[in-house]
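Numbering (full-length UniProt numbering), first residue to last: 1 to 530.
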């Protein structure tokens with residue numbers, strides 16, 4: 001398909017020529033970008049021509065940290081996001097019980113006790129009366145804690161005598177009985193839930209794809225497993241994948257993957273593999289992010305190390321031995337330090353160029369920033385977390401430490417390559433909301449006044465760059481993606497208004513008008529024209 005776009009404002013992502021007004025696409029690639037006159041001259045007779053005055057056009061948005069297919073499955077579960085009380089969550093769960101057969105697992109997602117008026121964490125007793133014949137699993141919004149009923153504990157064989165799992169915690173009451181809250185060690189319960197079939201996984205992926213395209217996203221990086229790869233590969237072979245997906249695997253899966261020919265670089269233009277995902281700690285919301293100094297509200301509690309530095313090093317070396325780069329989940333500042341130590345040690349055993357990333361980096365020590373540069377590590381934070389977490393971070397970490405929390409400007413000022421994402425389904429896939437959060441460091445309602453640690457606010461250009469550029473290098477596709485330039489793949493996001501011409505607090509009213517991948521319109525919101 002030939003496509004020509006005229007009379008728009010185009011942010012190219014190319015430092016030498018950052019702005020243009022027209023774009024010519026032929027044979028899935030950008031051919032010409034520049035003035036209306038230049039582009040008209042390059043346009044072939046068969047081209048579809050779009051006049052788009054008032055629109056902002058960028059390289060295709062990217063969500064560089066997702067759990068893509070898992071999000072599609074989440075859409076089928078009980079949605080507890082933004083509920084402001086435990087009572088409201090109970091009502092929502094109760095309303096779904098009739099649709100389940102006795103013995104069938106009831107799964108919910110995205111509860112957040114920090115929003116609840118009851119001011120406490122939930123227990124199994126809050127679920128037991130809702131469906132006594134059904135095991136229940138409710139996943140916290142961060143994905144790092146689960147809330148289950150007594151039947152689920154019985155099925156999993158978890159009792160007062162069950163030892164604490166490595167890198168996790170079974171909460172127990174004063175009498176020693178499990179409360180129904182499990183931190184990090186979700187596999188204790190999930191191992192007993194029947195897995196989704198291949199067809200269910202494919203259906204979930206297509207549902208997730210629809211939501212992501214609507215958000216203007218053209219590529220994602222997905223932190224999942226071989227069973228998700230299988231479903232995505234079938235969809236790719238059936239030509240049902242419109243998105244580009246850079247897929248990650250756990251280090252423990254690399255040997256099996258290699259026997260199937262799934263090695264770094266393997267795949268297609270739509271789906272390929274190259275990184276291994278590791279965990280160094282937990283999350284802020286679950287009080288399991290690993291810290292150098294204890295939590296303010298829990299003296300003596302430093303969080304949880306999912307793996308020790310030595311164990312991390314071994315996992316990184318395993319990934320390197322298969323030719324993979326690594327992406328390490330690091331939320332607390334101690335986890336960041338540990339991950340840097342592990343990568344540095346593993347690089348001595350497996351020297352050579354790497355495209356590693358630290359995911360989240362929600363809190364760090366300023367002395368660790370230079371190590372990102374020394375090791376050429378990309379920071380991969382989630383701007384929407386600023387809006388969701390700032391009050392909780394102040395409470396748990398304190399304002400002094402929070403000078404280096406979600407500190408996006410520090411990455412840019414330090415010259416650290418930085419890519420942005422949602423961690424979907426933790427947050428919804430919405431780069432526009434992330435851009436607004438990065439620039440204002442406020443909620444859409446303007447809280448806190450002046451922005452949370454406003455010295456860390458980004459410019460609009462920086463925020464857009466975080467959602468459109470650095471990922472291409474991490475994905476090993478910098479020659480094809482990351483900017484709009486002749487010869488690159490024609491992945492484009494079109495917004496119905498120009499963000500540069502309106503107040504940042506009005507950006508929430510801006511919508512995605514089109515999502516274009518390989519020059520084909522993959523999503524078109526015909527009612528979004530300004």
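Ideal Cβ placement from N, Cα and C applies to all residues, glycine included. All values reported here derive from a predicted model rather than from experimental measurement.
How many angstroms separate the CA atom of residue 433 from the CA atom of residue 461?
15 angstroms
For the pair the segment 479-490 and the segment 9-17, tell me if three or more CB-CB distances fall below 8 angstroms.
yes
Tell whether a beta-carbon distance below 8 angstroms holds between residue 444 and residue 406.
no
Should residue 202 be labelled buried (16 or more other beta-carbon atoms within 10 Å of its own) or exposed?
buried
If we ignore side chains and look at the alpha-carbon of each, how far apart do residue 71 and residue 173 end up?
32 angstroms
Is it buried or exposed, residue 297, if we count other Cβ atoms within 10 angstroms and call 16 or more buried?
exposed
I need the DSSP call for residue 228, collapsed to helix, strand or coil.
helix
Does the distance from the C-beta atom of residue 498 to that of residue 52 stay below 8 angstroms?
no
Where DSSP assigns a beta bridge to residue 350, which residues make up the other side?
Per DSSP, none; premise fails for residue 350.
Does the segment 381-390 come within contact of the segment 497-517, defined as at least 3 CB pairs closer than 8 angstroms?
no
Residue 369 vs residue 339 beta-carbon contact at 8 angstroms:
no
Cβ-based burial, residue 125 [other Cβ within 10 Å; buried from 16]
exposed
For residue 20, three-class secondary structure by DSSP
strand
If you reduce the DSSP assignment to three classes, tell me which class residue 297 lands in.
coil
Which complete beta strand (DSSP E) runs does the segment 25-56 hold, if anything under 3 residues is left out?
29-34 and 48-51
Name the residue from 32, 386 and 524 whose alpha carbon lies nearest to the alpha carbon of residue 458.
386
C-beta atoms of residue 96 and residue 107 nearer than 8 angstroms
no
Distance check for residue 233 and residue 375, CA to CA, integer angstroms please.
33 angstroms
Quick one: what's got a C-beta closer than 7 angstroms to residue 114's C-beta in the same chain, skipping five residues either side?
285 and 392
Which partner residues of residue 10 appear in the DSSP bridge assignment?
20 and 57
Pair within 8 angstroms by beta-carbon distance, residue 323 and residue 264
yes
Local Cβ density within 10 Å of residue 259, reported as buried at 16 or more and exposed below that
exposed
Which term fits residue 395, buried or exposed, when burial requires 16 or more other beta carbons within 10 angstroms of its beta carbon?
exposed
Closer than 8 angstroms by C-beta to residue 191: which residues in its own chain qualify, once you throw out the five before and the five after it? Chain order, please.
156
Coil, strand or helix - residue 130 by DSSP:
coil
Would the beta-carbon of residue 198 fall within 8 angstroms of that of residue 250?
no
Is the segment 183-190 in contact with the segment 407-420, if contact means three or more CB pairs nearer than 8 angstroms?
no
Taking buried to mean at least 16 other C-beta atoms within 10 Å of its own C-beta, is residue 349 buried or exposed?
exposed
Along the beta strand (DSSP E) that carries residue 219, what are the first and last residues, could you check?
217-223
DSSP state of residue 141, grouped into three classes?
coil
Alpha helix (DSSP H) containing residue 370: first to last residue?
369-375
My output table needs one value for residue 357: the three-state DSSP class, helix, strand or coil.
strand
Give me the Cα-Cα distance between residue 195 and residue 98, rounded to the nearest whole angstrom.
22 angstroms
Rounded to whole angstroms, how far is the Cβ of residue 309 from the Cβ of residue 341, which I believe are closer than 8 angstroms?
5 angstroms
Would residue 153 pass as a contact of residue 180 if the rule is Cβ separation under 8 angstroms?
yes
Residue 81 to residue 329 span [Cα, whole Å]
23 angstroms
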